[in-house]
Amino acid sequence: MAADLPALLAVLGKQSAQVTTIEVDWRTRVLAVITNPTVAYLMILVGIYALIFEFMNPGLILPGVIGAIALLLALYALHLLPVNYAGLALILLGIAFMAAEAFLPAFGALGIGGLIAFVLGSILLIDDETELPGFDIPYALIGGVAVASAGFLILVMGMLAKSRKRAVVSGREQLIGAPAEALEDFPAEGWARVHGERWRVRSSAPVRRGQKLRVTAMQGLILDVVPEGD
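So in the numbering used here, spot 167 of the sequence shown is number 171, and the numbers just go up one at a time.
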């Protein structure tokens, strides 16, 4: 081990050797940044979460493009790093469990298990057998990402809990009591607009075109209506 280049040459007995400095090109600088374990770790997370966001909101395009690029760069970096693939598998499994918590009524079991797997996988991701400085992921970063994931999980669970408590607002329940507007004059049965759709309606009193109505019942595909205010 030597402190600097002159000290190294002195140890080798090559003090008089000619030294040629080769500047690092932009490609090597980019690769040096990408293959930093911390950067590769963050690119994995950005890629996976961006793709999940794209799948949950199809058609946005941009999250999918960013996620795919970040994930491919991360995979290239991991190919050059001393990666523990069991740790990588735990990270992927943890993210999959946390994402599944948003769709399955597991009451937090999947989310908590996914968070534990994610933290363990992050710790094990870089194989430390080389014991080289800088070839590890800071625990502070792992903790911060885990806390952010837990916060996101709690937010999603809260939204799901609120949605389960809401009354049903679709189908027959949505139509009963809904306002309507007559599309034509008719003595007993005709067409009206309800929630932006054309419906066949039936009234016990004559109706004029443009008259405001209110749905009182539903018989098959025909709605019973009364004039607004009755």
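Beta carbons: idealized from backbone N, C-alpha and C, even for Gly.
Taken through DSSP and simplified to helix, strand or coil, Ser-208 comes out as coil.
Per the DSSP secondary-structure output, Ile-226 pairs in a beta bridge with Arg-204 and Gln-223. The beta carbons of Leu-225 and Arg-212 sit about 23 angstroms from each other, so the pair does not count as a contact at 8 angstroms. Beta bridge pairing from DSSP links Leu-217 with Ala-184 and Pro-231.
Per DSSP, Glu-27 is not a residue of any alpha helix (DSSP H), being assigned neither H nor E. Between Gly-125 and the set Glu-105, Ala-54 and Tyr-45, the nearest pair of CA atoms involves Tyr-45. For the 8 angstroms CB-CB criterion, Ala-186 and Gln-215 form a contact. Going by C-alpha positions, Leu-97 is about 22 angstroms away from Asn-61. If you draw a straight line from the Cα of Ala-196 to the Cα of Gly-117, it comes to about 53 angstroms.
In the DSSP assignment, Gly-51 falls within the alpha helix (DSSP H) that extends over 41–60. Using a 10 angstroms sphere on the CB of Ser-207, the tally of other CB atoms reaches 16 or more, which defines it as buried. Only residues of its own chain outside the window of five on either side were considered, and among them Ala-6 have a CB closer than 8 angstroms to the CB of Leu-12, listed in chain order. Pairing Ile-120 with Leu-85 gives a Cβ-Cβ distance that is not under 8 angstroms. About 6 angstroms separates the CB atoms of Ile-146 and Val-123; that is less than 8 angstroms, so the two are in contact. Within its own chain, the residues whose Cβ lies closer than 6 angstroms to the Cβ of Thr-220, once the five positions on either side in sequence are excluded, are Asp-228 and Val-230, listed in chain order. The closest CA to that of Gly-233, considering only Gln-223, Gly-194, Ala-184 and Glu-188, is found on Ala-184. Proximity of the stretch 52–66 to the stretch 11–28 falls short of the contact definition, fewer than three beta-carbon pairs being nearer than 8 angstroms. Secondary-structure assignment with DSSP links Val-198 through a beta bridge to Ala-184 and Glu-201. Here the alpha carbons of Ala-90 and Gln-223 stand approximately 60 angstroms from one another.
The C-beta separation of Leu-76 from Gly-68 comes to about 13 angstroms, leaving the pair out of contact by the 8 angstroms criterion.
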